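Under this note's numbering, the final residue of the sequence shown carries the number 351; numbering is consecutive throughout.
Notes for the one structure printed next.
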Amino acid sequence: MQTDSITITGTAQREAWQRRVLPPVEVIASGIHSVPVVFPENPMRYTLSYVLLDGDECVVVDPGFDSDEGHRQLLDALARLDVGPGEISGIVATHFHTDHLGMAARLARDSGAWIALGENERRNITAFEDAQEESALDQARMRSWGVPEDRVAEAAMSPQGLLDMRMLPDPDRRLGDGDTLAVAGRNWRIMETPGHTPGHICLWDDDGDLVLSGDHVLPRISPNVSLEIRGDADPLRHNIESLQRIAGNDHYEVCPAHEYRFRGVGLRARALEDHIAERSREVLEVLGKGAPTVHEVACQLTWSRGWESLGRLQFRLALSETAAHIRYLATSGLHAGVPGLVAVP
Ligand SMILES: [Zn+2]
Numbered sequence: 007m008q009t010d011s012i013t014i015t016g017t018a019q020r021e022a023w024q025r026r027v028l029p030p031v032e033v034i035a036s037g038i039h040s041v042p043v044v045f046p047e048n049p050m051r052y053t054l055s056y057v058l059l060d061g062d063e064c065v066v067v068d069p070g071f072d073s074d075e076g077h078r079q080l081l082d083a084l085a086r087l088d089v090g091p092g093e094i095s096g097i098v099a100t101h102f103h104t105d106h107l108g109m110a111a112r113l114a115r116d117s118g119a120w121i122a123l124g125e126n127e128r129r130n131i132t133a134f135e136d137a138q139e140e141s142a143l144d145q146a147r148m149r150s151w152g153v154p155e156d157r158v159a160e161a162a163m164s165p166q167g168l169l170d171m172r173m174l175p176d177p178d179r180r181l182g183d184g185d186t187l188a189v190a191g192r193n194w195r196i197m198e199t200p201g202h203t204p205g206h207i208c209l210w211d212d213d214g215d216l217v218l219s220g221d222h223v224l225p226r227i228s229p230n231v232s233l234e235i236r237g238d239a240d241p242l243r244h245n246i247e248s249l250q251r252i253a254g255n256d257h258y259e260v261c262p263a264h265e266y267r268f269r270g271v272g273l274r275a276r277a278l279e280d281h282i283a284e285r286s287r288e289v290l291e292v293l294g295k296g297a298p299t300v301h302e303v304a305c306q307l308t309w310s311r312g313w314e315s316l317g318r319l320q321f322r323l324a325l326s327e328t329a330a331h332i333r334y335l336a337t338s339g340l341h342a343g344v345p346g347l348v349a350v351p
């Protein structure tokens, strides 16, 4: 099946996506199973977890968001593969976001499994002493981005949101660029793909022509790249470089953490790069009209759901995505930037 350039291989997954139901648990290749784990109250709907089996070894890649329902979905799928909750040996998260690393702590508690993250993944967003104080700092940051006073609280991280992030587990293992992870009879080659987060990784099976791509490339949507508190100073630049790194592997089957499987990773990466370039041009044009703040720029951009309808998290993401573009244009020497983007805390 052909859409634009990529070939959708997860046809049952795509059909489920269109019907707005959970896709089936599937065997992708010998020892590799995909398991949908619900992501409640989020437009992504679910995370595709990958269970890698090899004799007594069971490694779960991106276990998903920590909810009772998601936990049950994952354990049910494991039970059908004859793996008990105490028999998970390892957990790898492609990045630290709650819909990937979220359930790791609960699974590790019941199994003693090790948890691995990319070498450069730093949950800097949790590097604070006092959640109230950190939230106030973020509110000040939103004011400096020109967010109107009545929407500052909505745009900023709340103390509770910050504390929730702190609940995420720290890794026992780090996976760096070029490392290999031997599991499911394969040698998974780790590739660092910063952008969506500073330490995002993809796992390549070069013998089986397969890649577990996390959120780096998805078949339909373009993953969010944001200027975050204490995060990467130029995430968009790193994301573009990470997209260029994966070019030329179009025969690989891409197993993403959301939506559905496809073939044509290089084609998709180029399409995402084009999309970023187009967006950057739009941001530059709005800046050229004299928009003085991040907020002013953001509200003049086109948003698929409409600027007015962007609720809490979407509003914050829209602002921090705009900020990432402005920073990228500034570091590219194409624009002087706007106030509030000079210092990166
Ligand atoms: Zn995700």
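The C-beta atom is built at its ideal place from N, Cα and C for all residues, glycine as well.
Please read these numbers as outputs of a predicted model, since none were measured by experiment.
task = Return the residue from the list P30, L143 and L224 that minimises the CA-CA distance to I355.
result = In this structure the chain extends from 7 to 351, so residue 355 is not present and cannot be described.
ask   = Taking DSSP as the reference, what is the three-state secondary structure of I97?
value = Locating residue 97 in the sequence shown gives position 91, counting from the first residue. Three-state result, I97: strand.
query = Are the CB atoms of R190 and D68 nearer to each other than 9 Å?
reply = Translated into the one-based positions of the sequence shown, residue 190 becomes position 184. Translated into the one-based positions of the sequence shown, residue 68 becomes position 62. Checking the displayed sequence, the identity of residue 190 turns out to be Ala instead of Arg. No. Outside cutoff.
message = According to DSSP, is V27 part of a helix, a strand, or is it coil?
response = What you label residue 27 is simply residue 21 of the sequence shown in a count that begins at 1. V27: coil per DSSP, three-state reduction.
inquiry  = For the pair the region 98–112 and the region 213–224, tell me if three or more CB-CB distances fall below 8 Å.
reply    = Result yes; three or more Cβ-Cβ pairs closer than 8 Å.
message = Contact between the region 77–93 and the region 141–156 is defined here as three or more beta-carbon pairs at a separation below 8 Å; is this criterion met?
response = no
ask   = Which residue's Cα is closest to the Cα of V289: A18, R333, R322 and Y56?
value = Along the sequence shown, read from residue 1 onward, the residue named residue 289 stands at position 283. Selected option, being the one with the closest Cα: R333.
ask   = Between which two residues does the beta strand (DSSP E) carrying E47 extend?
value = For the purposes of this step, residue 47 is taken as the residue at position 41 of the sequence shown. No beta strand (DSSP E) contains E47, which DSSP labels as neither H nor E.
query = Of the residues R276, I38 and H341, which one's Cα is nearest the Cα of L54?
reply = In the sequence shown, the residue the question calls residue 54 occupies position 48. The residue with the shortest Cα to Cα distance from L54 is I38.
query = How is V350 classed by DSSP in three states: helix, strand or coil?
reply = Counting from 1 along the sequence shown, the entry for residue 350 is found at position 344. Reliability of the predicted coordinates at V350 is poor, the pLDDT of 46 falling under 50, and no value is obtained from them.
inquiry  = Measuring straight from C-alpha to C-alpha, what distance separates S310 and Q320?
reply    = Locating residue 310 in the sequence shown gives position 304, counting from the first residue. Locating residue 320 in the sequence shown gives position 314, counting from the first residue. Spanning the two alpha carbons is a distance of roughly 11 Å.
message = My output table needs one value for Q8: the three-state DSSP class, helix, strand or coil.
response = Within the sequence shown, the letter at position 2 stands for residue 8. Note that Q8 scores a pLDDT of 43, beneath 50, so its modelled location is shaky; the value from the coordinates is reported in the next line. Strand, per DSSP.
query = Around the C-beta of M163, are 16 or more other C-beta atoms found within 10 angstroms, so that it is buried, or is it exposed?
reply = Your numbering for residue 163 matches position 157 in the sequence shown. M163 is classed as buried because its beta carbon has at least 16 other beta carbons within 10 Å across all chains shown.
inquiry  = Quick check on the burial criterion: 16 or more other C-beta atoms within 10 angstroms. Buried or exposed for A137?
reply    = Within the sequence shown, the letter at position 131 stands for residue 137. By the 10 Å Cβ count, A137 comes out buried.
task = Answer yes if the region 22–30 comes into contact with the region 229–239, meaning at least three C-beta pairs across the two stretches below 8 Å, and no otherwise.
result = no
task = Inspect the beta-carbon positions of L181 and L249 and report whether they are closer than 9 Å.
result = Looking up residue 181 in the sequence shown gives position 175. Looking up residue 249 in the sequence shown gives position 243. Not a contact, by the Cβ cut-off of 9 Å.
ask   = How about L273 and I12: do their beta carbons lie closer than 9 Å?
value = The count along the sequence shown starts at 1 and reaches residue 273 at position 267. The count along the sequence shown starts at 1 and reaches residue 12 at position 6. In contact: L273 and I12 (Cβ atoms closer than 9 Å).
key: Backbone secondary structure at E21 - three-state DSSP   = By one-based count along the sequence shown, residue 21 stands at place 15. E21: helix per DSSP, three-state reduction.
query = Name the DSSP beta bridge partners of Y1, please?
reply = Given that the chain is displayed from residue 7 to residue 351, the structure contains no residue 1 and the question cannot be resolved.
task = Leaving out five residues on either side along the sequence, give the residues of the same chain with a beta carbon under 6 Å from the beta carbon of A83.
result = The sequence position of residue 83 within the sequence shown is 77, counting from 1. The answer, listed in chain order, is V31 and V41.
ask   = Straight-line CA distance for G312 to S117?
value = What you label residue 312 is simply residue 306 of the sequence shown in a count that begins at 1. What you label residue 117 is simply residue 111 of the sequence shown in a count that begins at 1. Going by the C-alpha atoms only, they are around 45 Å apart.
message = At the level of alpha carbons, what is the spacing between W194 and V271?
response = On the sequence shown, position 188 is the one that residue 194 refers to. On the sequence shown, position 265 is the one that residue 271 refers to. W194 and V271: Cα-Cα distance of roughly 17 Å.
task = Specify the secondary structure class of I332 as computed by DSSP and reduced to three states.
result = One-based indexing of the sequence shown puts residue 332 at position 326. Looking at I332 - three-state DSSP - the assignment turns out to be helix.
inquiry  = Quick check: the Cα distance between H341 and L335, rounded to an integer number of angstroms?
reply    = In the sequence shown, counting from the first residue as 1, residue 341 sits at position 335. In the sequence shown, counting from the first residue as 1, residue 335 sits at position 329. Straight-line Cα distance between these residues: approximately 6 Å.
message = Do E198 and E125 have their beta-carbon atoms positioned less than 9 Å apart in this structure?
response = Start at 1 with the first residue of the sequence shown, and residue 125 comes out as number 119. Start at 1 with the first residue of the sequence shown, and residue 198 comes out as number 192. Against a cut-off of 9 Å, the Cβ pair of E198 and E125 comes out as a contact.
ask   = Exposed or buried, M173, counting other C-beta atoms within 10 Å across all chains shown (16 or more means buried)?
value = Walking along the sequence shown from the start, residue 173 turns up at place 167. By the neighbour-count rule (16 or more Cβ atoms within 10 Å), M173 is not buried but exposed.
Limits of the unbroken alpha helix (DSSP H) element including T104 = The count along the sequence shown starts at 1 and reaches residue 104 at position 98. For T104, the uninterrupted alpha helix (DSSP H) run begins and ends at T104 to L107, by DSSP.
inquiry  = I'd like to confirm something about D74: is its beta-carbon nearer than 8 Å to some heavy atom of ligand 1, or not?
reply    = Translated into the one-based positions of the sequence shown, residue 74 becomes position 68. Result no, Cβ not under 8 Å from ligand 1.
message = Less than 8 Å separating the Cβ of D170 from some heavy atom of ligand 1?
response = Taking the sequence shown and counting its residues from 1, the one referred to as residue 170 is at position 164. Checking the Cβ of D170 against ligand 1 gives no.
task = List the DSSP bridge partners of W313.
result = Here residue 313 is taken as the residue at index 307 of the sequence shown, counted from 1. Paired residues: none, contrary to the question.
ask   = How about the region 295–305 and the region 245–263: do they share at least three Cβ pairs that are nearer than 8 Å?
value = no
query = Roughly how many whole angstroms lie between the Cα atoms of D212 and V158?
reply = Along the sequence shown, read from residue 1 onward, the residue named residue 212 stands at position 206. Along the sequence shown, read from residue 1 onward, the residue named residue 158 stands at position 152. Using only the alpha carbons, I get a separation of about 47 Å.
message = If you measure from each CB to the nearest heavy atom of ligand 1 and keep those under 7 Å, what residues do you get, in chain order?
response = M50, T53, H103, D105, H106, D221, A263 and H264
Delimiting residues of the alpha helix (DSSP H) encompassing A146 = By one-based count along the sequence shown, residue 146 stands at place 140. Element bounds for A146: A137 to S150.
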